[in-house]
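Novice: Can you read through this structure? Questions will come right after.
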Amino acid sequence: MRYLFGLLAVLSLALAQSGPQLYQQNCAFCHGDNGQGRPGAFPPLAAHATELAKTPEGRAHLINVMLFGMQGPVRVRGSTYNGVMPAFGQLSDEQIASILNYILNAWGNDKLLPRDHRPITAAEVRSARNATSRPTPQQIGDLRSRINVP
1 MRYLFGLLAV
11 LSLALAQSGP
21 QLYQQNCAFC
31 HGDNGQGRPG
41 AFPPLAAHAT
51 ELAKTPEGRA
61 HLINVMLFGM
71 QGPVRVRGST
81 YNGVMPAFGQ
91 LSDEQIASIL
101 NYILNAWGND
111 KLLPRDHRPI
121 TAAEVRSARN
131 ATSRPTPQQI
141 GDLRSRINVP
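Quick note on numbering: the sequence shown equals residues 1 to 150 in full-length UniProt numbering.
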């Protein structure tokens, strides 16, 4: 019996995916291998996601975008992007937290985070997922326009 539990533990670790793997599978096609985005459609995550993560509203926005998607134009550093981001609610809370933490630490983003930055947790994602009122992709896009970041 102990052998079976040990085997299951090793197998689950082997099947666990890391933030970089999950990003490549779910995000890179639109946001690029290096987080550079796609002109006119999908905003860059490099040197931008960290700006959102610096505020409570922006941090919540990052989680909500992953869970529920986003629709509507968004301006980033003077450029407008108007692609539609699908929801990734099928991913686990841990997987979403892993992707977001990868984004916030990849491509030099780690150097742009404040010293007191704390990683996004699965508990934060779970809380947003279980909220009684779930925003629509359009509402998330509208809320993004009110978050004051470059």
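We put the CB at the ideal spot given by N, CA and C, even for glycine.
In terms of DSSP beta bridges, what is Ser92 paired with?
Specialist: According to DSSP, which records beta bridges pairwise, Ser92 is partnered with nothing at all.
Novice: If you follow the alpha helix (DSSP H) that Ser79 is part of, which residue opens it and which one closes it?
Specialist: Note, Ser79: premise wrong, no alpha helix (DSSP H); beta strand (DSSP E) at 79-81.
Novice: Mind checking which residues open and close the alpha helix (DSSP H) that includes Val125?
Specialist: Run containing Val125: 122-129, per the alpha helix (DSSP H) assignment.
Novice: Output needed for Leu8: all residues of its chain with C-beta closer than 7 Å, excluding positions within five of it in sequence on either side, in chain order.
Specialist: Its pLDDT being 43, under 50, Leu8 is placed unreliably by the model, and nothing is read from it.
Novice: Where does Val65 fall in DSSP's three states?
Specialist: Helix.
Novice: Output the boundary residues of the alpha helix (DSSP H) element that contains Arg144.
Specialist: Run containing Arg144: 137-144, per the alpha helix (DSSP H) assignment.
Novice: Go to Met26, then tell me how far its alpha helix (DSSP H) extends in each direction, as first and last residue.
Specialist: The displayed chain sequence assigns Asn, not Met, to residue 26. Unbroken alpha helix (DSSP H) run through Asn26: 19-26.
Novice: What's the C-alpha gap between Gly19 and Gly35?
Specialist: The straight-line gap from Cα to Cα measures roughly 13 Å.
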